[in-house]
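Student:
Numbering (the working numbering), first residue to last: 10 to 405.
1) Return the CA-CA distance between residue 242 and residue 31, expressed in angstroms with no decimal places.
2) Does the count of Cβ pairs from the stretch 81 to 94 and the stretch 157 to 170 closer than 8 Å reach three?
3) Could you spell out the range, first to last residue, of the beta strand (DSSP E) harbouring residue 138?
4) Which residues in the same chain as residue 333 place their Cβ atom closer than 7 Å to its Cβ, once the five residues preceding and following it in sequence are excluded?
5) Based on the DSSP output, what are the partners of residue 375 in its beta bridges?
6) Suppose the cutoff is 8 Å on Cβ atoms and the five residues either side in sequence are ignored; what does the same chain contact list for residue 286 look like?
7) In three-state DSSP terms, what is residue 358?
8) Exposed or buried, which one is residue 45 when buried takes at least 16 other CB atoms within 10 Å?
9) Which residues bound the beta strand (DSSP E) around residue 29?
10) How is residue 346 classed by DSSP in three states: helix, strand or coil?
11) Straight-line CA distance for residue 264 to residue 364?
12) Which same chain residues, not among the five before or five after residue 132, have their C-beta less than 7 Å away from its C-beta?
13) Assuming residue 126 contacts residue 85 under a Cβ cut-off of 8 Å, what Cβ separation, rounded to an integer in Å, is found between them?
14) Candidates 115, 304, 275 and 167: which alpha carbon is nearest residue 146's?
15) Looking at residue 218 and residue 433, is the spacing between their C-beta atoms short of 9 Å?
16) Using a 10 Å radius around the Cβ and a threshold of 16 neighbouring Cβ atoms, would you call residue 123 buried or exposed?
17) Under 6 Å Cβ to Cβ from residue 371, same chain only, skipping five residues before and after it: list those, please.
18) Compute every distance between the C-beta of residue 22 and the non-hydrogen atoms of the ligand ADP, then say whether any falls below 8 Å.
19) In whole angstroms, what is the alpha-carbon distance linking residue 352 and residue 369?
20) Could you check the C-alpha separation between residue 323 and residue 222 for me, to the nearest Å?
21) Return the residue from the list 134, 155, 139 and 249 that minimises the CA-CA distance to residue 109.
22) In the DSSP assignment, what residue or residues form a beta bridge with residue 22?
23) If I measure Cβ to Cβ from residue 269 and keep anything under 7 Å in the same chain, skipping five residues before and after, which residues do I get?
24) Got a sec? Which residues, its chain only, sit under 7 Å from residue 152 by beta carbon, not counting five neighbours each side?
25) At which residues does the beta strand (DSSP E) containing residue 242 begin and terminate?
26) With which residues is residue 263 paired in a DSSP beta bridge?
27) In this structure, does DSSP put residue 11 in helix, strand or coil?
28) Based on Cα-Cα distance, which residue from 181, 188, 180 and 216 lies nearest to residue 197?
29) What residues in its chain sit with their C-beta under 7 Å from that of residue 307, if we drop five residues either side in the sequence?
30) Could you say which of 208, 134 and 129 lies nearest to residue 171 if we only look at CA atoms?
31) Compare the beta carbon distance of residue 381 and residue 356 with 9 Å and say whether it is the shorter of the two.
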């Protein structure tokens, strides 16, 4: 079923279980955002209309929840702290919150030229701040400018000022992602070295499906259709951080299930036969562990887990791959490095950039181009190990 469904695949509306759906966000009483989906629509147009209605309702909830009366004479520094604690933190995921808190507490505030009221901040003041921050690292000014832009947009909504001084400020390039691509012989060494090890299936999923680490950790046996040889990416496992109030420091970490990184990260991929074979082997291992541990086994249906069913730590897979690379004299790579190799394989197979972006679950084609533009025509060809097609339409 390609026509109508494939036309909308990757957009706002998507086809699932005989009806059209869209993603939705809901603001909970505790200030956190709940992500889900809403379906039952007969056409993609109905789903898209509902999506924008739900989005407007969510934004109205935010405005009603975070509409404090802010003193127009508030100092910029105090306003930043207030914004982070009371406005931004109520809508941000924990990882984003952690990065933003570091940006504010350790980059922006220490480098403010002098104290000033928010309504008096100018583009020159922003430029002076960012120039100081730019000396700290390759991405610091870019990230700080991004944070300040969000802050001033909210300040305008709160009627503290009417113009965003960041709009005309100096732009800073984001630090380029360092991409290490293993050669064909090196990939062969990696696969031969891990073939009989516990992490072989996870390595295959990163290398031949381009999955992120959190997506691999969140995969369940129920996500696979072995008859069609497909896998649905519906979730990721990620750390939930609890921050110490008014500090960037992490108070606690808990591993939780959440939606994939972007809306486009919900996707269905075709899997090579070798992954099907290894998945069946993994199923046998897990069934044996269940039989041995009985009630002590924690069954969440994860394909990647410890002997007792609990998920692995977020660092375990990368740590294993690094050890193998060191032992075999290979360039050190991570799970994300395997994902880069997958993208490179697609590029060198002549797959169009929009298709690569969809397979990787990037938020937009611009993200894909930004990361891989330097290697699109500059790498050796890799033609082994992989089936000809990876992605399928929902209706197939």
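Note that CB positions come from ideal geometry on N, CA and C, so glycine has one too.
Keep in mind the model is a prediction, meaning the values are calculated, not measured.
Tutor: According to the structure shown:
1) Taking the straight line joining both Cα atoms gives about 16 Å.
2) With contact defined as three or more Cβ pairs closer than 8 Å, the stretch 81 to 94 and the stretch 157 to 170 are in contact.
3) Residue 138 -> not in any beta strand (DSSP E); alpha helix (DSSP H) instead, spanning 132 to 143.
4) In chain order, 199, 202 and 203 place their CB closer than 7 Å to the CB of residue 333, counting only its own chain and leaving out the 5 sequence neighbours on each side.
5) DSSP, once it has assigned bridges, lists no residue as partnering residue 375.
6) Cβ neighbours of residue 286 beyond the five flanking positions: none.
7) The answer is coil: DSSP assigns residue 358 none of H, G, I, E or B.
8) By the neighbour-count rule (16 or more Cβ atoms within 10 Å), residue 45 is not buried but exposed.
9) Note, residue 29: beta strand (DSSP E), 28 to 36.
10) Correct three-state label for residue 346: helix.
11) Those two C-alpha atoms are separated by around 31 Å.
12) Cβ neighbours of residue 132 beyond the five flanking positions: 174, 177 and 178.
13) Between residue 126 and residue 85 the beta-carbon gap is near 6 Å, inside 8 Å, which marks them as a contact.
14) Out of 115, 304, 275 and 167, 115 has the C-alpha closest to the C-alpha of residue 146.
15) What is shown of the chain runs 10 to 405, which leaves residue 433 out entirely.
16) By the C-beta density criterion, residue 123 is exposed, having fewer than 16 other C-beta atoms within 10 angstroms.
17) Hits under 6 Å: 377.
18) Ligands displayed in this structure: none; no statement on the ligand ADP is therefore possible.
19) When rounded, the distance between both Cα atoms is 8 Å.
20) In a straight line, the C-alpha of residue 323 is about 8 Å away from that of residue 222.
21) For residue 109, the closest alpha carbon among the candidates 134, 155, 139 and 249 is that of 155.
22) Partner(s): 31.
23) Residues of the same chain with a CB within less than 7 Å of the CB of residue 269, apart from the 5 flanking positions on each side, are 224, 242, 244, 245, 275 and 370 in chain order.
24) Only 112 meet the Cβ criterion.
25) Per DSSP, the continuous beta strand (DSSP E) segment holding residue 242 begins and ends at 239 to 242.
26) DSSP, once it has assigned bridges, lists 249 as partnering residue 263.
27) Residue confidence for residue 11 is low, a pLDDT of 31 falling below 50, so the modelled location carries little weight; the figure read from the coordinates is stated next. Of the three classes helix, strand and coil, the one that applies to residue 11 here is coil, per DSSP.
28) Distance check between residue 197 and each of 181, 188, 180 and 216 places 216 closest, using alpha-carbon atoms only.
29) Short of 7 Å from the beta carbon of residue 307, and not among the five residues preceding or following it, lie these beta carbons of its own chain, in chain order: 317, 318 and 319.
30) Closest option to residue 171, Cα to Cα, is 129.
31) For residue 381 and residue 356, yes; Cβs fall inside 9 Å.
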